[in-house]
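Quick note, the sequences are listed as chains A and B, same order.
End of the first sequence sits at 110 in our numbering; the numbers just go up one at a time, nothing left out.
End of the second sequence sits at 1113 in our numbering; the numbers just go up one at a time, nothing left out.
To keep things clear, I will list the structure first and then write my remarks on it.
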Amino acid sequence: RKEVEQDPGPFNVPEGATVAFNCTYSNSASQSFFWYRQDCRKEPKLLMSVYSSGNEDGRFTAQLNRASQYISLLIRDSKLSDSATYLCVVNGDSGYALNFGKGTSLLVTP
Amino acid sequence: DAGVTQSPTHLIKTRGQQVTLRCSPKSGHDTVSWYQQALGQGPQFIFQYYEEEERQRGNFPDRFSGHQFPNYSSELNVNALLLGDSALYLCASTPGQNNSPLHFGNGTRLTVT
């Protein structure tokens, strides 16, 4: 089983739509969780950290469910500029390495 | 405040050759991690350097080696290049504590022919 699994998509949504991405992780001892955004042929950039109580940053909401080992990202009122690949990131066994999912591709259309 | 810088940006090598990629971490960061990202895949962890030592290694063969210098900059060396080594190589830095998010450089795109 891969350490971090994501639905690769692609998700094609119209502007203004709400879209949710899910991610599962295998290591129950993981403590660090992040969502990164990666534009085509660019480096990944931190979108937001994910906290146990859930957290929100503008149109973006992240949730963590430790019991199910599941992380989600909700994007409200999608913009064309949200089109990108969204990477779920979880720390591994030793705590040093951060492991990435394969990414979920989002295309927001006019 | 300079972010993470990597060189070169692009590189073309022939199978069997050796390559060295370079990385300078973000100011104030002392830990450097290297990742390989093949097309259509997420970044895969190669190794992490802290205090000039390899602190953790991912599932990569010994052909992949690295180094960290006293100024925290780092090199990634790959020997006996294979076609499958063609990928985007990403360097990321953190301030050293666990649970810190990674800050990535622009990457080096390596093509092996």
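Just so it is clear, CB atoms sit at the ideal spot from N, CA and C, and this is done for glycine as well.
Kindly list, in the order they appear in chain B, the residues whose Cβ is closer than 7 Å to that of residue i.
i	result
Lys-102 of chain A	Gln-1041 and Gly-1042
Tyr-25 of chain A	None at all; the shortest Cβ gap to chain B is about 13 Å.
Got a sec? Which residues, its chain only, sit under 6 Å from residue i by beta carbon, not counting five neighbours each side?
i	result
Ile-1012 of chain B	Thr-1111
Phe-21 of chain A	Leu-73, Tyr-86 and Thr-104
For residue i, return the contacting residues in chain A, with the cut-off set at a CB-CB distance below 7 Å.
i	result
Arg-1055 of chain B	Tyr-96
Leu-1090 of chain B	Glu-43
Any beta carbon from chain A within less than 9 Å of residue i's own beta carbon?
i	result
Asn-1079 of chain B	no
Gln-1048 of chain B	yes
Tyr-1072 of chain B	no
Counting only the same chain and skipping the five closest in sequence on each side, list residues whose C-beta sits under 7 Å from that of residue i.
i	result
Tyr-36 of chain A	Pro-44, Lys-45, Leu-46, Leu-47, Leu-87 and Val-89
Asp-1085 of chain B	Val-1078, Leu-1110 and Val-1112
Ala-1080 of chain B	Gly-1016 and Arg-1063
Cys-50 of chain A	First, the amino acid is wrong: residue 50 of chain A is Val here, not Cys. Phe-33, Phe-34, Trp-35, Ala-62, Leu-64 and Ile-71.
Ala-1038 of chain B	Ala-1087
Might you give, ordered along the chain, the residues of its own chain that have their beta carbon closer than 8 Å to the beta carbon of residue i, omitting 5 neighbours on each side?
i	result
Ala-1002 of chain B	Ser-1024, Lys-1026 and Ser-1027
Is residue i helix, strand or coil when you go by DSSP?
i	result
Ser-1033 of chain B	strand
Ser-83 of chain A	coil
Gly-16 of chain A	coil
Gly-1066 of chain B	strand
Between residue i and chain B, is there a C-beta pair that is closer than 9 Å?
i	result
Phe-11 of chain A	no
Leu-87 of chain A	yes
Leu-106 of chain A	no
Gly-58 of chain A	no
Phe-21 of chain A	no
Asn-55 of chain A	no
What does residue i reach in chain B if we use C-beta pairs closer than 8 Å?
i	result
Ser-49 of chain A	Pro-1101
Contacting positions in the segment 1101 to 1113 of chain B - beta carbon closer than 7 Å to chain A = Here the close residues are Pro-1101, Leu-1102, Phe-1104, Gly-1105, Asn-1106 and Gly-1107.
Residues of the segment 1057 to 1070 of chain B with a CB closer than 8 Å to any CB of chain A: list them in chain order, please.
-> If you check each beta-carbon in the segment 1057 to 1070 of chain B against every beta-carbon of chain A, the ones closer than 8 Å belong to Gly-1058.
Within 7 Å of chain B by C-beta, residues of the segment 58 to 86 of chain A in sequence order = Flagged: no residues at all.
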